[in-house]
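Below is one structure, written out as structure tokens; the observations come after it.
Protein chains in written order, with the numbering used here: chain B, 997 to 1464; chain F, 2 to 181.
Following this line, the structure appears as structure tokens:
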């Protein structure tokens, strides 16, 4: 494509603002219906929790031997997908990947929401939520639980700051552009307060960019450390399966993998719902697809390592665990995970026809997330079912209370994302505009032969095709 | 006639008593176990408990195995006697046990001689109070590396949260510069 097709930057900017701000000013019937449905599931889960709170953990399928089940598996899953955002966004920002700009905001949303939802699970798992304060009262520095609380709260705070900083110019835009529109008073107040008086002056830009620079670098090691610390809850024990030195990096890799898949799914939904086709193009989906492809190989490597090394040494307990996983009770779940999580996405990214289709990449992402949910379950439950004393092998299957609370968590995650998307712009408008202006300045004059920045050029051509 | 009846009766009594006498000579002898425990004990300090086994005639029984038990609850579901030590009596019938009290509670111990073909089983109990509040179970790291301790973790957290505060100060600067 020739750069001569590019329209003037101000026209592009106006259209961008119109498209991104439109969902903030109006709410349709379908959106309300989806909200009601999600809220219904959340309320059902809350009811299930009240049953658990009143009657104790006996209403779950967890017992003396399997004391961690679906709750802890989902804790690991949600903390994992939280890596979607901040980590990927920060890596792309630090490496100045040009195509990142329309993606980062959604990724950062996902991080904050997934972390908030995920962090609730250990508290639900305790049965007596008020006892979480015992960590503050009696916590010891030597306990991985203490490290976990510190790491997650630090990461959540950092992610919230990292989400907020690049949103300030866009919040100011909301404040100014939605002024005459018929929006509720609380939204006006929200934009006014959160935009902290931004007008885009040089000194403001300097302060904001220095803060963003610090956070982009700082958040990467914090994100890596959080999932490493989450893995320590398992890896610091002598149980078969968990007694591993690769668990930290294995967890981080799995987190980025499922996180990337979650971005793809959320991007596809918001793209369709908010008509963002011009800004979220096949380029973004393909690049995230390549990222998933790379992680297919990494996850495959870790899976081989995780089975081969203990299988060769066959320490006490490992034989039962490996048997259960590969040919026993958990074999169907494990091989579905391998098929959905490694084979399907791997093939889809490998084939040009599927990797160049948004629909197929979304299918691959859904397969990855289902597989990773299974994988998190397989990390927790089969190991708990290996008896440490000479007892019969226990058998765990979650109760309706556990399923209900998990359904509520997933619905809650979607609900908060949907509310966020109605309150805040889902695309970083100022960054996309800045990138387009830069592109236009370099390539906007007719007859220029240089290849323009691909992501926005794709979007521009998409629009041209749509309007012609 | 009278004499014949008396003779038959006498013969019957003699026949009836003869095997009893033989059986009594082979039956196990009763035993008696006495347990001496101190009235009180200190948490974490090993305790010496003695049991003495004698037979029905008060004669010490040597080379007899004696077990020492206390009651225990396991995983809140099963409870019963838990063997804490086992000793063999010496020539004076004395068995010596060593017990490490791990909980500051009123403790009851029970010594048991299980018996054998020649001696009947016997048992004895004793109670004592364990006092103290010292921590008796400690985990020890294999080795310590200088400067590699909790302060590293604390220091890291302080650095991270200081940087957060720095970033927040940037936001405040943005707010302050609203009129510039």
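Here a beta-carbon is modelled for each residue, glycine too, at the ideal position from N, C-alpha and C.
- Using beta-carbon distances, residue 176 (chain F) counts as an interface residue toward chain B, with a partner under 8 Å.
- Cβ proximity to chain F below 8 Å picks out 1192, 1193, 1194, 1195, 1197, 1199, 1200, 1203, 1204, 1206, 1207, 1210, 1211, 1214 from the segment 1189 to 1217 of chain B.
- Taking every protein chain shown into account, the CB of residue 1071 (chain B) has 16 or more other CB atoms within 10 angstroms, so this residue is buried.
- Straight-line spacing of the CA atoms in residue 1128 (chain B) and residue 93 (chain F) works out to 59 Å.
- Counting only the Cα atoms, residue 155 (chain F) lies some 16 Å from residue 147 (chain F).
- Beta-bridge analysis with DSSP links residue 129 (chain F) to F:108.
- At a cut-off of 8 Å, the C-beta of residue 1154 (chain B) has a neighbouring C-beta in chain F.
- Here residue 1342 (chain B) is near residue 1292 (chain B), since their CB atoms are less than 8 Å apart.
- For residue 1150 (chain B), the closest alpha carbon among the candidates B:1222, B:1081, B:1122 is that of B:1222.
- Listed along chain F, the residues sitting closer than 7 Å to residue 1146 (chain B) by beta-carbon distance are 158.
- Contact between residue 1369 (chain B) and residue 1288 (chain B) is ruled out by a C-beta separation of about 16 Å, above the 8 Å threshold.
- With respect to the C-alpha of residue 1312 (chain B), the residue from B:1173, B:1234, B:1290, B:1216 having the closest C-alpha is B:1234.
- Identification of residues in the segment 1129 to 1143 of chain B having a C-beta nearer than 8 Å to some C-beta of chain F yields 1137, 1138, 1143, given in sequence order.
- Rounded to whole angstroms, the separation of the alpha carbons of residue 105 (chain F) and residue 129 (chain F) is 11 Å.
- The beta-carbon separation of residue 1141 (chain B) and residue 1148 (chain B), rounded to 11 Å, does not stay under the 8 Å limit for a contact.
- By the Cβ test, the segment 1416 to 1426 of chain B is in contact with the segment 1006 to 1018 of chain B, since at least three Cβ pairs between them sit closer than 8 Å.
- Interface criterion not met: the Cβ of residue 95 (chain F) is under 8 Å from no Cβ in chain B.
- Counted as a single uninterrupted DSSP element, the alpha helix (DSSP H) harbouring residue 1110 (chain B) occupies residues 1097 to 1122.
- For residue 1382 (chain B) and residue 1354 (chain B), the gap between their C-alpha atoms comes out near 42 Å.
- When 8 Å is used as the limit between beta carbons, residue 168 (chain F) is near these residues of chain B: 1157, 1161, 1207, 1210, 1211, in chain order.
- Following the DSSP letters along the chain, one finds residue 1308 (chain B) inside the alpha helix (DSSP H) bounded by residues 1278 to 1309.
- Going by beta carbons, residue 1005 (chain B) and residue 1377 (chain B) fall outside the 8 Å limit.
- Fewer than three pairs of CB atoms, one per stretch, sit closer than 8 Å, so the segment 132 to 147 of chain F makes no contact with the segment 1177 to 1196 of chain B.
- Rounded to the nearest angstrom, the Cβ distance from residue 1054 (chain B) to residue 1065 (chain B) is 13 Å, too far for a contact under 8 Å.
- Under DSSP, residue 100 (chain F) forms a beta bridge with F:48.
- With respect to chain F, the C-beta atom of residue 1164 (chain B) has a partner C-beta closer than 8 Å.
- Per the coordinates, the alpha-carbon of residue 1224 (chain B) lies some 29 Å from the alpha-carbon of residue 1400 (chain B).
- Chain order gives the chain B residues near residue 151 (chain F) as 1137, where near means a beta carbon separation below 7 Å.
- A straight line joining the alpha-carbon of residue 1062 (chain B) with that of residue 1085 (chain B) spans about 37 Å.
- When Cβ-Cβ separations below 8 Å define contact, residue 179 (chain F) makes contact with chain B.
- Between the C-alpha atoms of residue 165 (chain F) and residue 1154 (chain B) there is a straight-line separation of about 7 Å.
- Shown here, residue 1180 (chain B) sits in coil according to DSSP, grouped into three states, outside any helix or strand.
- Counted as a single uninterrupted DSSP element, the beta strand (DSSP E) harbouring residue 34 (chain F) occupies residues 32 to 37.
- When rounded, the separation of the alpha-carbon atoms in residue 161 (chain F) and residue 168 (chain F) is 11 Å.
- Following the DSSP letters along the chain, one finds residue 41 (chain F) inside the beta strand (DSSP E) bounded by residues 41 to 43.
- DSSP, read as helix, strand or coil, puts residue 141 (chain F) in coil.
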